[in-house]
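Reading through the structure tokens given below for one structure.
Number of protein chains: 2
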Amino acid sequence: MKLYDFALAPNPRRVRMFLAEKGVTIPVVEVNTRQKEQFAPEFAKLNPFCTVPVLELDDGTCIGDSVAICRYIEVLHPEPPLMGRDAREQAIIEMWDRRAELEGVNAAGELVRNAAPMFEGRGIAGVPDGFPQIPALVDRGKKRMARFFDFWNRQLADNAFVAGPDFSIADITSFIAIEFAKRAEVTIPAQCKHVARWYESVSQRPSASA
Amino acid sequence: MKLYDFALAPNPRRVRMFLAEKGVTIPVVEVNTRQKEQFAPEFAKLNPFCTVPVLELDDGTCIGDSVAICRYIEVLHPEPPLMGRDAREQAIIEMWDRRAELEGVNAAGELVRNAAPMFEGRGIAGVPDGFPQIPALVDRGKKRMARFFDFWNRQLADNAFVAGPDFSIADITSFIAIEFAKRAEVTIPAQCKHVARWYESVSQRPSASA
Chain A
1 MKLYDFALAP NPRRVRMFLA EKGVTIPVVE VNTRQKEQFA PEFAKLNPFC TVPVLELDDG
61 TCIGDSVAIC RYIEVLHPEP PLMGRDAREQ AIIEMWDRRA ELEGVNAAGE LVRNAAPMFE
121 GRGIAGVPDG FPQIPALVDR GKKRMARFFD FWNRQLADNA FVAGPDFSIA DITSFIAIEF
181 AKRAEVTIPA QCKHVARWYE SVSQRPSASA
Chain B
211 MKLYDFALAP NPRRVRMFLA EKGVTIPVVE VNTRQKEQFA PEFAKLNPFC TVPVLELDDG
271 TCIGDSVAIC RYIEVLHPEP PLMGRDAREQ AIIEMWDRRA ELEGVNAAGE LVRNAAPMFE
331 GRGIAGVPDG FPQIPALVDR GKKRMARFFD FWNRQLADNA FVAGPDFSIA DITSFIAIEF
391 AKRAEVTIPA QCKHVARWYE SVSQRPSASA
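As they're listed, the protein sequences go chains A and B.
Counted from 1, the first sequence has number 102 at position 102 by our numbering; the numbering is strictly sequential.
If you want our numbering, it's the 1-based position in the second sequence plus 210.
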């Protein structure tokens, strides 16, 4: 197996944290998206959508999606479980992971991609240009992040982790959403004390520096 | 179990198609989102994000996300498999299902939500108001749908179904993306013959009318 990765991008970090929590090591090929290496024809053969991460299996199959890569690793290495054991746990964790992506990562994404000069003409991931930035999405992204923090504060008031008592992929996704939003100088609001407590505990896990 | 559903919305339809393919029947409670019933306080107790569908389990646990509901059903009723059998199949199907959501459903969503008068002030799902429509997203949604059709045409040139030789949840998600975009009068482009062939075959499955 080979992992096409880029240290500075949020979705590759999601996979690296997942692998670190599992104690799994996979050889890495760096694809520098700041240099637009993901648009090179050789890379587009592996992933026509031109995004990282991509996991290349030994038979040549390419898994070009962060959560699908995590699923593959979860099935091969079930311990510690990060996507739930039984039907109910799996559903609760997937619900929170998808909410963390929709309410968190996507909100941070529209904020950062529509503000940062490096994404000019690339409002949509995986497209070299032709999707101009939309300034109204910067404001909308900020409002959505505020909503995200508010919801997560309520959830984390009653739960040690995002999807319940145990650390899961939903914590990884929530953590990278917050890390991503920092690039646009959006940080945890002072009143969201439960988010701050949880963020501190996740930051201290060895996987946070993966 | 109880399924909170709305006949006219895309994500509930995704779950209904999944259940029909599995041959599973669950009692339904209709939540009319055109009447804004999802914002009623009793419903917000089941799903604070105020979206349908929601699956309420017998112990009161509420699964408020379409794919998480499908996962729950898949684990309890593995036949016929719609999310893959082994690690590799599961990863390939999840990758295509997530691409279908990102490139298809989300593109159709930004197109429809930012154009239709019924979504005025509600550019973001699950929020009663305060997120004005952004006209630039209508054009962007159209361009993204064109990109979706182009990619899907290439994938379906070599594959009977979206994720390979077998029907899967990725076909359901792709199908509802196309059905959703129709509301903004965006349809399969004439040159996308492989998409048209596949769409015709999915339309004829009994689940398409679920």
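Quick reminder that beta carbons are idealized off the backbone N, C-alpha and C, glycines included.
On a predicted model such as this, the values are computed, not experimentally measured, just so you know.
C-beta neighbour in chain B for A:Glu94, strict 7 Å: yes
Using a Cβ cut-off of 7 Å, pull out every chain B residue sitting near A:Asp129, in sequence order please. Neighbours of A:Asp129 on chain B: none; closest Cβ ~12 Å, over 7 Å.
Can you give the beta carbon distance from A:Phe180 to A:Val202, rounded, assuming they're within the 8 Å contact cut? Not confirmed; about 14 Å, so no contact.
Roughly how far, in whole angstroms, is the beta-carbon of A:Ile188 from the beta-carbon of A:Phe149, given that I think they are within contact range, below 8 Å? 6 Å
Taking Cβ-Cβ distances shorter than 7 Å, what residues in chain A pair up with B:Ala297? Result: Tyr72, Val75 and Leu76.
In whole angstroms, what separates the C-alpha of B:Ala346 from that of B:Lys352? 10 Å
Report yes if the CB atom of B:Val241 is closer than 7 Å to the CB atom of B:Val262, and no otherwise. yes
Per DSSP, what kind of secondary structure is B:Val262 in: helix, strand or coil? coil
Limits of the beta strand (DSSP E) - the one that B:Asp215 falls within: Lys212 to Asp215
Can you say whether A:Pro78 is buried or exposed, counting buried as having 16 or more other CB atoms within 10 angstroms of its CB? Answer is exposed; the Cβ neighbour count stays below 16.
Going by CA-CA distance only, name the one from A:Arg122, A:Gln35 and A:Met145 that's closest to B:Phe341. A:Met145
A:Pro128 burial status per 10 Å Cβ neighbour count (16 or more: buried): A:Pro128 is exposed by the Cβ-count criterion.
Any beta-carbon of chain A closer than 7 Å to the one on B:Ala367? no
Check A:Gly164 in the structure and name its three-state DSSP category. strand
Interface residues of the region 324-336 of chain B facing chain A [CB-CB below 8 Å]: The residues in question are Gly333 and Ile334.
Should the region 245-258 of chain B be regarded as contacting the region 269-276 of chain B, the criterion being three or more beta carbon pairs within less than 8 Å? yes
Nearest-angstrom beta carbon gap, A:Val105 and A:Thr173 [assumed within contact, 8 Å]: 6 Å
Residue range of the alpha helix (DSSP H) that includes A:Glu30: Here A:Glu30 belongs to no alpha helix (DSSP H); instead the beta strand (DSSP E) covers Val28 to Glu30.
Residue nearest to A:Asn153 in terms of C-alpha spacing, selected from A:Met118, A:Ile124, A:Ala190 and A:Glu120: A:Ala190
What's the C-alpha gap between B:Lys246 and B:Ala317? 23 Å
For A:Val24, count neighbouring Cβ atoms within 10 angstroms of its own Cβ and tell me buried if that reaches 16, exposed if not. exposed
Among B:Ala310, B:Ile388, B:Gln248 and B:Ala326, nearest to B:Phe191 - alpha-carbon criterion: Because chain B in this structure spans residues 211 to 420, residue 191 of chain B falls outside the shown range and cannot be described.
Quick check on DSSP: helix, strand or coil for B:Arg224? helix
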